[in-house]
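Remarks on the structure that follows.
Residue numbers (this note's numbering), protein chains in the order written: chain A, 5 to 144; chain B, 16 to 510.
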């Protein structure tokens, strides 16, 4: 399967130039870019590991690309995303987020059902990869 | 009304309160010298006076009937600080392209100010009972329409507004930087719970963020509400596991009584739904109650504007949707259908953009070309996510993104479910078209003109998109809009 979080997961994986173009767009809006990675892609896992802090004040996409590639090198089998943060009053949140790296094999999720009273079912989504401890996932 | 006008109000108390009938102007409802206060409500009504009724008297009558007046003088006014309770008509402009020599009877924009004391805090029911309560049936007017309203900040702050808001909704869904994608389940009526859930599952698994009950899906013999909820939540959870993305289905909890609605909302919560839906026809009080419930239970609240066309569409009579949108933002909904401009339902593009501004702005600027008569400070009230739904398809993606930007839910019902290769393919086509267009726009492409090229390029590697473009290539709904803004750059003299 292919996890489709992020803004461009239905498109072919972005090339270096395409990633850079999106970062340029974010910087042109005065959004601050940051890089995050995880080996726990559960849809409710909102806190991926931060690769450094958001690059406030950085104006050059090359600087962000440097961090993207450093993160890829350190965690080639992790999901990595670029976030762009808009600090405008009333927004103060992420304005763009897209995946720039993913493991070669994505085993996906199991849906577990617990039958409860009446016809009710309690659902829980579990990543197959999460059976292994953090740092050990997505290894052959 | 640029020329100086005398205040026609009778100030001598003996003459003013003599039993009998006075003109509204004489009673103090026409006050051309009045300067509205920051704390006043200001309304602009489009009025068509009966023959023989002058514009100022008609405007004064609107002010009177929407505030304190009755048809005759009452001495009991003297028991009150009557002047502050009286609404004041303070400006009348001729509406361009109406009157002699045009196809339309003479109309006027009448500006009326209301003191803050007239309205109960946090109650749209009370606001509407005054502003549109009696006045639209009033005989001296042939027709009237509430075009726009400026709500004072002091009153805005008496509302909690949307229970979730655009920002928090995106954070909960973990979806940023692109419009959300949805579809309304079809056929609207007749599917069993199991078959209905199948369509939800296919749509969400294909790539939609949301699917939606239609406005008239409640609890009919072919599908009782509990069945629908159970099957839909199976579909939502399966699709979530298939994609690793958060998904939702707007469960319509509209019902005959508040007790029924609360019961349905509780069940939706128990099943883990992240979003509920209500119809505009349930009424202002019920909307505010469901908004409170949603806030208390971390639920996104989707509003379908069912019924609004009966009073928003015709320009001469009713209430403009921009006013309804303002009231709904105060009352507190998270999603609101605001039109598509390019789809099957009524909507002049600029007028529709005006509705979107009302939903999403931190501060709405006066913009007469978009029908916005006033600046409106929203005092940090959360923002409503507008929904574009009705007769749109993947081939229009560039137009939709250009018109509405990122903060919108694009809902392709027929445009998903009617796909020749099946519902999943319909969803894939729309999602690919959307992401390709957002990416192209961010890269600096001129999507308004190059949009079709962007779509064709994506269709080369995405078969479902290719099929969608082929199926709906010539579909458009080019009819003349009935609800378009009327304005002149400089206000004309009063009649």
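C-beta atoms are modelled at their ideal positions from N, C-alpha and C, and glycine is treated no differently.
Review point. Along the region 39-50 of chain A, what residues have a CB closer than 8 Å to any CB found in chain B?
Key: 45, 46, 47, 48 and 50
Practice item. Closer than 7 Å, Cβ to Cβ, to anything on chain A: give me those residues from the region 384-407 of chain B, in chain order. Key: 395
Check your understanding: Where do the ends of the alpha helix (DSSP H) carrying residue 278(B) lie?
Key -> 273-285
Practice item. Tell me whether residue 118(A) is buried or exposed, calling it buried when 16 or more other Cβ atoms sit within 10 Å of its Cβ. Key: exposed
Review point. What does residue 377(B) reach in chain A if we use C-beta pairs closer than 8 Å?
Key: 93 and 94
Practice item. Tell me whether residue 70(A) is buried or exposed, calling it buried when 16 or more other Cβ atoms sit within 10 Å of its Cβ. Key: exposed
**Study point:** Listed by chain order, chain B residues near residue 59(A) by CB distance under 7 Å
**Key:** The contacting residues do not exist; residue 59(A) stays about 17 Å from chain B at best.
**Study point:** DSSP three-state assignment for residue 249(B), whether helix, strand or coil
**Key:** helix
Review point. Is residue 481(B) helix, strand or coil by DSSP?
Key: helix
**Study point:** Cβ-Cβ separation, residue 443(B) to residue 479(B) (assumed contact under 8 Å), whole Å
**Key:** 4 Å
Review point. What residues of chain A sit near residue 151(B), judged by a beta carbon separation below 9 Å?
Key: Neighbours of residue 151(B) on chain A: none; closest Cβ ~35 Å, over 9 Å.
Review point. So is residue 190(B) in contact with chain A if we call contact Cβ pairs under 9 Å?
Key: yes
Exercise for review: Alpha carbon to alpha carbon, how far is residue 107(B) from residue 280(B)? Give it in angstroms, no decimals.
Suggested key: 47 Å
Review point. Which runs of the beta strand (DSSP E), 3 residues or longer, sit entirely within the region 26-64 of chain B?
Key: 56-64
Review point. Which stretch, first to last residue, makes up the beta strand (DSSP E) that contains residue 450(B)?
Key: Segment 438-457 is the alpha helix (DSSP H) holding residue 450(B); no beta strand (DSSP E) there.
Point to revise | CA-to-CA distance, residue 278(B) to residue 19(B), given in whole angstroms | key: Note that residue 19(B) scores a pLDDT of 47, beneath 50, so its modelled location is shaky and nothing firm can be said.
Check your understanding: Is residue 100(B) helix, strand or coil by DSSP?
Key -> helix
Check your understanding: Based on Cα-Cα distance, which residue from 84(A), 24(A), 44(A) and 101(A) lies nearest to residue 139(A)?
Key -> 44(A)
Point to revise | Rounded straight-line distance, which links the Cα of residue 81(B) to that of residue 145(B) | key: 5 Å
Check your understanding: Would you say residue 101(B) and residue 84(B) are within 9 Å of each other, going by their C-beta atoms?
Key -> yes
Exercise for review: Answer with buried or exposed for residue 456(B), where buried requires no fewer than 16 other C-beta atoms within 10 angstroms of its C-beta.
Suggested key: buried
Review point. Just reading off the beta strand (DSSP E) that residue 126(A) is part of, what are its end residues?
Key: 125-131
Point to revise | Continuous beta strand (DSSP E) stretch holding residue 91(B): start and end | key: Looking at the DSSP string, residue 91(B) is not in any beta strand (DSSP E), and its letter there is neither H nor E.
Point to revise | Inter-residue CB distance, residue 349(B) and residue 369(B) (contact presumed, cutoff 8 Å) | key: With a Cβ gap of about 20 Å, residue 349(B) and residue 369(B) do not count as contacting.
Check your understanding: What does residue 453(B) touch in chain A if you count any residue whose Cβ is under 7 Å from its own?
Key -> 11
Check your understanding: What is the DSSP secondary structure of residue 28(A), reduced to helix, strand or coil?
Key -> helix
Exercise for review: Could you give the DSSP three-state label for residue 15(A): helix, strand or coil?
Suggested key: coil
**Study point:** Chain-order list of residues whose beta-carbon lies under 8 Å from that of residue 384(B) (same chain, five-residue window excluded)
**Key:** 365, 500 and 502
Review point. Quick one: is residue 142(A) near chain B, going by C-beta distance under 9 Å?
Key: no
Review point. Assuming residue 35(A) and residue 90(A) make a contact with CB atoms under 8 Å, what is their CB distance in whole Å?
Key: 5 Å
Check your understanding: In terms of alpha-carbon separation, which member of 227(B), 132(B) and 297(B) lies closest to residue 291(B)?
Key -> 227(B)
Review point. Are three or more beta carbon pairs between the region 419-436 of chain B and the region 204-211 of chain B nearer than 8 Å?
Key: no
**Study point:** residue 65(B) versus 296(B), 56(B), 55(B) and 76(B), residue with shortest Cα-Cα distance
**Key:** 76(B)
Check your understanding: What's the call for residue 357(B), buried or exposed, on a 16-neighbour Cβ count within 10 Å?
Key -> buried
Exercise for review: At 4 residues or longer, and completely inside the region 367-449 of chain B: list those alpha helix (DSSP H) runs for me, N to C.
Suggested key: 412-419 and 429-432
Point to revise | One or two residues paired with residue 216(B) in a DSSP bridge | key: None, per the DSSP bridge assignment.
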